[in-house]
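To keep things clear, I will list the structure first and then write my remarks on it.
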Amino acid sequence: DSEASVVVAIGLRAAQSSVSMAEKPVVFSQVFNHHEHDLLSENSRGVAAIPPLDAQIAAWKKIDPTMVRVGVIIGEGHDDLIEEARLAAEKHDIELRVQITHSDQETLYFFRRMVRDIDGFWLFPDNRILSTRVLQQMLEDANRQRVPVNVPSDSMLSLGATISMSSQASDIADTIVNVVRRIQAGKLNNVPPITQLSEIRVKTNETSSVVQR
């Protein structure tokens, strides 16, 4: 009801409400499973929930040049992300092994089959196929097998993950502002459905964090 020209929605609930109710253009952020909730429309645009995948692989390969096989387990609806991950992996001479699952127990089952044959595991923030219990079991299994796990949040390092590659709040804010300005300039149709971030924050259990662009 305000005179604002654009609605910015942070998080899933805000995005769902805004897209369904707002007559103004909507820019949403911090939503990983946007396809499942039909958040993209002629009047809405999103900002990526995670840093660019190529930058993640490049940073990981720099830390561990011996890495050859990387495992990914993810829920349905992320075909574009899987293809982006495959291209990034091929660019850096990495074999990507992907498994689609539908529940946390199925995720654990496939992880235990996969972990013996990979050099690293790439965890995506798909809460549909993860739970706190299963995640802890996965990290324990990975540590026993000496398989490093790349997670999307610094806070997960304390759970036993090896490396985190997360987004920067300032980068998210700058990206949202840029999208809003383009919409306000009448260029909504020229804004991609999802605008990528440009910074990545890399942190391991042994080193301090490093921000890369």
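Position in the sequence shown (from 1) plus 46 gives the number in the numbering used here. Note that the Cβ used here is the ideal one computed from N, Cα and C, for glycine as well. Values in this document were obtained by computation on a predicted structure and should not be read as measured data.
Would DSSP call residue i helix, strand or coil?
i	result
Ser254	Residue confidence is low: Ser254 scores 41 on pLDDT, short of 50, so the model does not pin down where it sits. Its coordinate-derived value is still stated next. Looking at Ser254 - three-state DSSP - the assignment turns out to be coil, as it is neither helix nor strand.
Ser244	coil
Ala55	strand
Asn236	helix
Ser199	coil
Val180	helix
Val93	strand
Ser87	strand
Phe156	helix
Ala60	helix
Gln191	coil
Ser204	helix
Ser48	coil
Assuming residue i is part of the alpha helix (DSSP H), what are its boundary residues?
i	result
Val73	From DSSP, Val73 is part of no alpha helix (DSSP H) but of the beta strand (DSSP E) over 72 to 75.
Val226	215 to 230
Ala101	99 to 109
From the DSSP output, which residues share a beta bridge with residue i?
i	result
Leu142	Val116
Lys249	Ser210
Gly5	Examination of residue 5 is not possible in this model, given that the chain is present from 47 through 259 alone.
So, are the CB atoms of residue i and residue j less than 8 Å apart?
i	j	result
Asp40	Gly121	This structure leaves residue 40 out entirely; the chain is present only between 47 and 259.
Val225	Val116	no
Leu243	Pro71	no
Ile209	Val248	yes
Val197	Leu169	yes
Ala218	Ser66	Before going further, note that residue 218 is Ile rather than Ala in the sequence given. Not closer than 8 Å, so no.
Ala68	Ala61	no
Arg162	Gln191	yes
Asp187	Arg158	yes
Ser138	Ile103	Sequence inspection shows His at residue 138; the Ser mentioned does not correspond to that position. Going by C-beta atoms, His138 is nearer than 8 Å to Ile103.
Ala101	Ile246	yes
Leu185	Leu205	yes
Val223	Arg91	no
Leu176	Asp200	no
Could you spell out where the beta strand (DSSP E) holding residue i opens and where it closes?
i	result
Arg132	It is not in any beta strand (DSSP E) - Arg132 instead sits in the alpha helix (DSSP H) that spans 125 to 137.
Strictly under 8 Å for the Cβ-Cβ distance: is residue i near chain D by that measure?
i	result
Glu88	The structure shown has no chain D; it contains just one protein chain.
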